[in-house]
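The structure appears below as structure tokens.
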Amino acid sequence: MKNLACGCPGSMVRTVEKTETAAAPEGRLQSELRQWPTQLHLVPPSAPWLQNAHLLIAADCAPFAYAEYHRDFIKGRTLVNACPKLDDTSNYVEKLAAILRQNDIQSVTVTIMEVPCCRGLAMMAQQAVAASGKDIPLEIAVIGIDGQRRS
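Count the sequence shown with the working numbering and you get residues 158 to 308, in order.
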């Protein structure tokens, strides 16, 4: 238990061993972010960039763990982010459902970390899609703490 922060097994202190690579990437990557704000608490359901969007709901840690996050997830999507462990999530299901009801959302992708605490964000997204009354495709991508995509 001494390696657990906040009593959550997903926050156990770990070191991720990586092998050094000699080749550096060519050129600088460009940000794929196309709107602001991104934090779910700050995003109004009426934001114009939500209309006809492919919605990406990101757990706060996922973009830090997954090196190609902008290219593989943000590109072509509208981002909102949240932390199911540290945020006040009491209205997240209703807020997400309002976003889905008020806009012609084309799809929802949720990126979460493999830790148990993150599963709540996927469940909130599933509940919001159901509460919206719409048939919206939903994909959940799980990122490992080693930065690899699990699903």
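Ideal Cβ positions, reconstructed from N, Cα and C, are used throughout, including at glycine.
Just so it is clear, the structure is predicted and the values come from calculations on it, not from any experiment.
Quick check: arginine 234 and leucine 212, are their CB atoms within less than 9 Å of each other?
yes
Tell whether a beta-carbon distance below 9 Å holds between valine 267 and alanine 298.
In this structure, valine 267 lies near alanine 298, with their beta-carbon atoms less than 9 Å apart.
So for leucine 243, helix, strand or coil by DSSP?
coil
Would you grab the beta carbon distance between cysteine 275 and proline 220 for me? Rounded to a whole angstrom, and I think it's under 8 Å.
Not a contact, Cβ separation roughly 13 Å.
Can you tell me where the alpha helix (DSSP H) holding histidine 285 begins and where it ends?
Looking at the sequence provided, one finds alanine at residue 285 rather than histidine. 276 to 289 is the extent of the alpha helix (DSSP H) around alanine 285.
Please report the straight-line C-alpha distance between glutamate 174 and proline 202, rounded to a whole angstrom.
41 Å
Can you give me the start and stop residues for the alpha helix (DSSP H) that leucine 253 sits inside?
249 to 259
Measure the C-alpha to C-alpha separation of methionine 158 and methionine 281 and round it to an integer number of angstroms.
With a pLDDT of only 48 at methionine 158, under 50, the local geometry of the prediction cannot be trusted, and the value read off the model is given with reservation. Looking at the two C-alpha atoms, the distance is approximately 28 Å.
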